[in-house]
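Each protein sequence line maps, in turn, to chains A and B. Count the first sequence with the working numbering and you get residues 340 to 1237, in order. Count the second sequence with the working numbering and you get residues 340 to 1237, in order. Idealized CB from N, CA, C, for every residue including glycine. Before any comments, here is the structure.
2 protein chains.
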Amino acid sequence: MAKAKKKFVYFFGNGKAEGKGTMKELLGGKGAGLAEMTNLGLPVPAGFTITTEVCNIYYKNNRRYPPGLKGEVEANLRKLERLVGKRLGDPDDPLLVSVRSGAAMSMPGMMETILNLGLNDRSVEGLARKTSNRRFALDAYRRFIMMYGSTAMGVPREKFEEEFDDIKTRMTRTRLKRRTGRIVDTDVNEEELEELIPRMKEIYRLYTKKEFPQDPIEQLWGAIDAVFDSWMAEKAVTYRRVEKITGLLGTAVNVVQMVFGNMGERSGTGVCFTRDPNTGKNSFYGDVLMNAQGEDVVAGIRTPIHLSDLRRKMPHIYRELVEVRRKLERHYKDMQDIEFTIEENKLYILQTRAGKRSPKAAFQIAADMVKEGLITKKEAVQRITPRDIEGLFYPIIDPNIPADELREKLFAVGIPAVPGAASGHVVLSAREAERQAAKGKSVILVRKETSPEDVGGMHAAKGILTATGGKTSHAAVVARGWGKCCIVGCEDLSIDYEEKTIRVGETVLGEGDEITLNGSTGEVYRTAMPLIKAVLPRSYRTVMKWADEIRALKVRTNVDTPYDAENAVKLGAEGIGLCRTEHMFFDTEERRLAIQRMIIADSSEARKAALNELIPFQRKDFAGIFRAMEGKPVTIRLLDPPLHEFVPHSEKAQKQLAQALGVPFHTVKLKIERLRESNPMLGHRGARLCITYPEILEMQVRAIIEAACECKKKGLRVYPEIMLPLIIDKKELQILTDDAHRVAAEVMKKEGIKVKYLVGTMIEVPRAALLADRIAEVAEFFSFGTNDLTQMVLGMSRDDSGRFIPYYVNENKTGILRDDPFQSLDQDGVGLLITQAIEKARKTRPSLKIGICGEHGGDPATVEFCHRNGFDYVSCSPFRVPIARLAAAHAVIKGQGG
Amino acid sequence: MAKAKKKFVYFFGNGKAEGKGTMKELLGGKGAGLAEMTNLGLPVPAGFTITTEVCNIYYKNNRRYPPGLKGEVEANLRKLERLVGKRLGDPDDPLLVSVRSGAAMSMPGMMETILNLGLNDRSVEGLARKTSNRRFALDAYRRFIMMYGSTAMGVPREKFEEEFDDIKTRMTRTRLKRRTGRIVDTDVNEEELEELIPRMKEIYRLYTKKEFPQDPIEQLWGAIDAVFDSWMAEKAVTYRRVEKITGLLGTAVNVVQMVFGNMGERSGTGVCFTRDPNTGKNSFYGDVLMNAQGEDVVAGIRTPIHLSDLRRKMPHIYRELVEVRRKLERHYKDMQDIEFTIEENKLYILQTRAGKRSPKAAFQIAADMVKEGLITKKEAVQRITPRDIEGLFYPIIDPNIPADELREKLFAVGIPAVPGAASGHVVLSAREAERQAAKGKSVILVRKETSPEDVGGMHAAKGILTATGGKTSHAAVVARGWGKCCIVGCEDLSIDYEEKTIRVGETVLGEGDEITLNGSTGEVYRTAMPLIKAVLPRSYRTVMKWADEIRALKVRTNVDTPYDAENAVKLGAEGIGLCRTEHMFFDTEERRLAIQRMIIADSSEARKAALNELIPFQRKDFAGIFRAMEGKPVTIRLLDPPLHEFVPHSEKAQKQLAQALGVPFHTVKLKIERLRESNPMLGHRGARLCITYPEILEMQVRAIIEAACECKKKGLRVYPEIMLPLIIDKKELQILTDDAHRVAAEVMKKEGIKVKYLVGTMIEVPRAALLADRIAEVAEFFSFGTNDLTQMVLGMSRDDSGRFIPYYVNENKTGILRDDPFQSLDQDGVGLLITQAIEKARKTRPSLKIGICGEHGGDPATVEFCHRNGFDYVSCSPFRVPIARLAAAHAVIKGQGG
């Protein structure tokens, strides 16, 4: 049987294209786009695309082209020449083409482009005559030699640049022409270009041992080779690995007629958006630079004119553009970013793509397009990214501040822990932060590290900066809970608490000096930068409602106070997935002393007495949280951190404590000394505290159930879920669950009220995950504590990992881990363990309620993982709740193949 | 069909028994033993056994006996009476019986015994007349009332004791009889007993509301009820749980004719061993106490006579005993511990069981019995326990020191980390230990904790005592490697380094005072106790050779120096499973400075320069180890601990370091400050050091391969295995393995020598175990680092777990964990992960070599686990090597159902 001859080249032009928009795989994104626009009847410069399949064959075949390609390319070139009415290399009126790469997925800047192909010593003069602009023609030739030499033939680009700089330096000396303060390419005049071109060709000859090719066909094949070769260039290979781009055949090559916007006052070049990219308003938006090429816009020589000016100046072009806008939006059903060129009063559309937009605009456009019937609600939800939500909620540094100024004021760079921006006066202690904030001053708390004792000051500060710690250090976790700008692990920072200074290299700031944090990038500036805060648009609520309708996962929140709980409900939280009880003990001096007395106590009785003092406080806290969460489940984790986190470590503070407790200093010191641990993360904490001191569990369960009874008496619906942390064994859980039920029964009997509550466990130690089937025999719910689980499964302390994690996730170094495992769940390792655990646990107890309450609960990739693996809910910081809601909807759509 | 009537009672006596030795399940150990001895023709007192099945029915049937039991018991009683020629309760010459429990497995002291049953107000006088010893008869009655009242009827024992004490106190006052310094039961005379008996019966009546039963049949059933009830008493249930005894039907009840050794000078009681339990020599060994009962031996009133005296005194009894010895050893094929009584010139054998023996005797007897054709080599190996080996190797405190003295001199109790005993003068610093030891003084190093810098002093000391840490703390691990007596976690100990004192409560010792450690129990004595050191008998080598022939697992060792390597080979090590390279850096000031310079270095170049200084040292170390291990594989782990373990932390030492390195103090301080970690266990260590500082790996691999080349040039066979610690990912391992191969290739090329080496990894992070299939694509061997794996899987820092582990393993508290997971592998959790990992890994690479190099490698239960799960080898401290060899043989035998 005769095999159908494979088609390697697809032509487009004059309103008809052999390819179409759906053929991205074969034609690449650019080629498919050009074909699609051509078919839509848009004025696209004509040309042809060599398929990605050729690239594939090229590499499979030891860099040789398939037979027949040569003929097909040249046939298409002739077709192009016929259509345009010009010939490549024609000494009178030459056709010029661009040769560009274009794979199925965008790889910006990664691959090669050659412009102005077709110029040679003779045709350049033809172009000069035809355009009556010899400088333009010479400059085009100069550019072509440089591009072709460096891109296609591997001549070091800087060799050409040096020659060019040499000319420019001479110009500076002789002409002292200083319009913009520096000499730019366009300042080079015709004579100088005439002098330059032979020198460029000489460099070419020097490095390639060949003359610069005068044959346009030879030029063309050189350029095509260069594009295909660029596919396997190191930077492209690395880019694909970093971006996880796999499964592509290769790049296509687009050979397209050149059009020029710099052919005089009836020419120009521009970019427009089909809707306002800042507000999302449905109005036409764009700029045009007359008599210019794309690069001139970058050079910033002249001020562009607005579309409204174009309307006055060239009404028919404007009308044509409006029609293009209408067609493209209808066609792509999304706001488009369109590049166009006007060549001698004729409009050419060079490219269209989905336009970048502000977060606000993203919501507006998505909501509007549903209203206009362009897209479905599901599509609207899909269009919103987590970054859009972040961008809506967090203040940012005014984007209009010039890059130079930012650079100049940069003080240090740390690890961005909580996005947004904050500025204020430096304070170096939590107490000072509270004091200054009380006076109405904006302050930034700067510490080596933070501890639970600093929480008051952290809350009072506008932003937090620490010299140590990673993204899940104490500072980061607490700040994230509040959505408060935070930078951690700023290791260059030396803090001198006595001198009250902070220093980076030679730069020293003192307490009171103003700084600005960019929590999205980790940059710290030594000045107060102007900040901008976005307002939630109505379209936010509209689109988020649609997301809620789509998602299957519930979204809960991690909060510890009634105030935060109320806030979280406003952000859409459907319950509390993690209420940490330890922060409650730092609220007042009274509470702090009670817990410290408990810790210093020598007997179970003394401990009980101290704990009894805490019951009223805890009960009040829980009642407040139940009220804020009325009708929603509230998971309360019993005391988790090691006890040494609750006691002072300086001798002075220990002496004060001894005095306050009426205990000899020696006793306090010895007791605290004994609490010290080598690896507190793996120490005496969590359920282990309840096993050794059962009275702690008793106090907390009593307070929870008493608070629940109190609320029920007031007619509120309360659903407490008591959660035991750090469980490693079924028997351990059974002992503590029995204790909890016993205490709860006592309270309910005394109060004469029945409370529906659950007792479950965090799964945060690998052993618990491994033995999930047995543990599920006792636990009524699982909540995966992925922070600790990650630490233990990877053997990485989150507080210490800052020193080596960058080497593990940075693609240029090793790329061992896909992401920071404390930011996005390590699905390969930790995820595998979780999947196994769920499978085992649900075999034992099919109805087991399963959630996640680590910081990962607000990470979109993790949310999708949870959706795929049958979780009932995710739980995250209040400010991540909207992101989790969106991600949960995205997960459903993705699961449906959307 | 008629069902065969179940037999509930088994008779024995007069050379014939209905049961036999193999019926342990049904008759219990004691009942089966009595039946077996009867059948062997030994003079056993007659009696009958009620089966364990009755116990089972009793509990299944709400504490009711099966129909027919009553008749069967009473028929057997009549049979017994006929055989003995006496009747229960006969007022002239009563039969007395004992009623004892006896399950299939020994539960010493856990269940009930009632003696002298059959006495009442009338028969006691008959006994008095018949024995011509009224005091004896009255005392027997007194004992019976007390035992029956407390055991069968639940009268508080102390009520009886109080009455008895009252009599004794009166005696003291009136007679001032003080032979042994205190009044003992046998001092009470006939009259006093006559007065006492009615008071005992009165107490009985007071508590039971019934008269003391005079009917012997009522007594008998009361006693039988008591034995069956004791099966479910709390202490028995707990004992079975602790000892993991399951699957038993219940206890049997043995009703046996009483015989008395205290009927005059032709009576007596004794215990003999069929071979010498101290030396194992095949000679008859035992003591007899004439005119006495078993309890009198305990009371220590008279000195027993030796068997040789008995031979002179009662030659026919002695001959009879010798015949019993011969029969029992032939029969049981093991050294027996025999209890006997002589009643009026007639020998009765009451019990026989395998005799306890010293470690030396255990080997001697096992070896001899093989020679004598009594047992097989396999059985000989089975007879040896790990404790026997420990007992052979470690010195012990002289067992003849009276308990009182030990009690008086007890100073503190810590966690026993390395068994054996040591005594010497207290020193509080490693330097002082070295100094004193150099002078020939025996010293005990006492520290809060130890660190790698203390290793020299630790080596110089006879023993090590630390106030903190668990069984796998630095002190414990290092000491175990040397088999050096060590006690850790002695939390009551306050150490004052300035005052140079150690204190427990009010007792203060100073540097130079002598103490003794018992590393087997954790006890510390405030004096120098005399120590005894065993010598390896020849039989040790004989039996261990047999063990080696049986086992499948290879046994390697964990050592870091040529000296230790040589020693380990002598102990039977077949290679090194773990050679830690970090200890090598502390050997001399020069090395220490080089590694510190490397750490303080600011650039890769400076680091390389510092590392280059270390190469000659490392090469020398490795060459020495290769030589000591000639022809055996040597696994070398690259640098593992976090760098802060190598630098000083006091300001003074940092200043000295700055001076020595010629670097500003500020630089040193800042650098060290930055190395501090919150959880060093999970920090910047292991492979992470090589990822961030590839020059470390380069230096170490270079030194290893250079050393190997050097040895090969000298004709030695070397098999280095390069091991990467703390791996979490295949890619990470690939990067480092590639590095290692590159360096090795360079060295081999330069040296012109080919070295056969492997590159593999420790599996010590849960993620590596989870992804074992992928990691095995790269690794040529796996070595499970179960210390760290346990820490991470259980989320327990070994250094901190001392505070709560006791609550987790102590059965009286929670019994959550079967054993300390740092001593014996947590097979449920960590073991499950390992099993999964091996299965996955061998799918990828069936030939993968798999070992274990955690401290668990020397734990018998873990060795069995490794054997079952297809490991190639275990590796442990040199002093555990013999234990591992034995355990590996035991595992094979167990696997064969042996």
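Under a Cβ-count criterion, where at least 16 other Cβ atoms within 10 Å of its own Cβ denotes burial, should residue i be classed as buried or exposed?
| i | result |
| --- | --- |
| Asp-707(B) | buried |
| Thr-519(B) | Low per-residue confidence applies at Thr-519(B): pLDDT is 43, beneath 50, and the placement is therefore not dependable, though the value from the model is reported in the following sentence. Under this definition Thr-519(B) is an exposed residue. |
| Asp-960(B) | buried |
| Pro-1185(B) | exposed |
| Leu-1225(A) | buried |
| Glu-862(A) | buried |
Name the residue from the options whose alpha carbon lies nearest to the alpha carbon of residue i.
| i | options | result |
| --- | --- | --- |
| Ile-939(A) | Ala-443(A), Gly-367(A), Tyr-1032(A) and Phe-351(A) | Tyr-1032(A) |
| Arg-865(B) | Glu-928(B), Phe-924(B), Gly-763(B) and Val-908(B) | Gly-763(B) |
| Glu-318(B) | Lys-884(B), Ala-999(B) and Lys-947(B) | Residue 318(B) cannot be examined here, being either before or after the span of chain B that is shown, 340 to 1237. |
| Lys-991(B) | Ile-396(B), Val-1007(B) and His-1080(B) | Val-1007(B) |
| Gly-589(A) | Tyr-398(A), Val-610(A) and Asp-899(A) | Tyr-398(A) |
| Glu-413(B) | Leu-427(B), Gly-1134(B) and Arg-402(B) | Leu-427(B) |
| Gly-1141(B) | Asn-1018(A), Met-1062(A) and Ile-1222(A) | Asn-1018(A) |
| Glu-1037(A) | Ala-777(A), Gly-386(A) and Ala-949(A) | Ala-949(A) |
| His-670(A) | Gly-779(A), Ala-693(A) and Leu-1133(A) | Ala-693(A) |
| Leu-1164(A) | Glu-1178(A), Ala-1026(A) and Ile-1191(A) | Ile-1191(A) |
| Asp-505(B) | Arg-538(B), Gln-993(B), Lys-355(B) and Phe-1143(B) | Arg-538(B) |
| Tyr-480(B) | Lys-498(B), Gly-1154(B), Ser-437(B) and Gly-1234(B) | Ser-437(B) |
| Glu-885(A) | Ala-476(A), Thr-715(A), Met-602(A) and Thr-691(A) | Here residue 885(A) turns out to be Trp, not Glu, going by the sequence shown. It is Thr-715(A) whose Cα lies nearest to the Cα of Trp-885(A). |
| Lys-699(A) | Lys-717(A), Glu-678(A), Tyr-733(A) and Thr-691(A) | Tyr-733(A) |
Do residue i and residue j have their CB atoms nearer than 8 angstroms?
| i | j | result |
| --- | --- | --- |
| Glu-1203(B) | Ala-1176(B) | no |
| Arg-482(B) | Asn-459(B) | no |
| Ile-723(A) | Phe-702(A) | yes |
| Val-1086(B) | Arg-1056(B) | no |
| Ile-1035(A) | Ile-1114(A) | no |
| Glu-913(B) | Lys-971(B) | yes |
Is the closest heavy atom of the ligand FAD to the C-beta of residue i under 7 angstroms?
| i | result |
| --- | --- |
| Tyr-578(A) | In the structure shown, the ligand FAD is absent, as is every other ligand, since no ligand is present at all. |
Suppose only complete runs of 4+ residues qualify. What are the alpha helix (DSSP H) ranges in the stretch 703–730 of chain A, listed by chain order? The stretch 703–730 of chain A contains these whole alpha helix (DSSP H) runs: 716–722.
Contact list for the stretch 1057–1082 of chain A against chain B, Cβ threshold 8 angstroms: For the stretch 1057–1082 of chain A, which is checked against every Cβ of chain B, the residues closer than 8 angstroms are Leu-1065, Ile-1067, Asp-1068, Lys-1070, Glu-1071 and Ile-1074.
Tell me which residues of the stretch 811–841 of chain A have at least one Cβ-Cβ distance to chain B shorter than 9 angstroms, keeping chain order. Ser-812, Glu-830 and Ser-833
To be precise: take each residue of the stretch 1007–1024 of chain A, compare its Cβ to all Cβ atoms of chain B, and keep it if any distance is under 8 angstroms. Which residues remain? Leu-1009, Arg-1013, Glu-1016, Ser-1017, Asn-1018, Pro-1019, Met-1020, Leu-1021, Gly-1022 and His-1023
Please give me, in chain order, every unbroken run of the alpha helix (DSSP H) with length at least 4 that falls completely inside the stretch 1051–1092 of chain A. 1069–1090
Please name the residues in the stretch 1126–1139 of chain A whose beta-carbon is closer than 8 angstroms to at least one beta-carbon of chain B, in chain order. Asp-1127, Gln-1130, Met-1131, Val-1132, Leu-1133, Gly-1134, Met-1135, Ser-1136, Asp-1138 and Asp-1139
Using a beta-carbon distance cut-off of less than 9 angstroms, what residues from the stretch 939–956 of chain B approach chain A? For the stretch 939–956 of chain B, no residue has a beta-carbon sitting nearer than 9 angstroms to a beta-carbon of chain A.
Ordered list of alpha helix (DSSP H) runs contained in the stretch 564–617 of chain A, each at least 4 residues: Unbroken alpha helix (DSSP H) runs of no fewer than 4 residues, entirely contained in the stretch 564–617 of chain A, are found at 573–581, following chain order.
Can you list, in chain order, the residues of the stretch 1100–1119 of chain B whose Cβ is nearer than 7 angstroms to any Cβ on chain A? Val-1104, Pro-1105, Arg-1106, Leu-1109 and Leu-1110
Under 9 angstroms, CB to CB, which of the residues in the stretch 1162–1185 of chain A have a partner in chain B? Asp-1165, Asp-1167, Gly-1168, Val-1169, Leu-1171, Leu-1172 and Gln-1175
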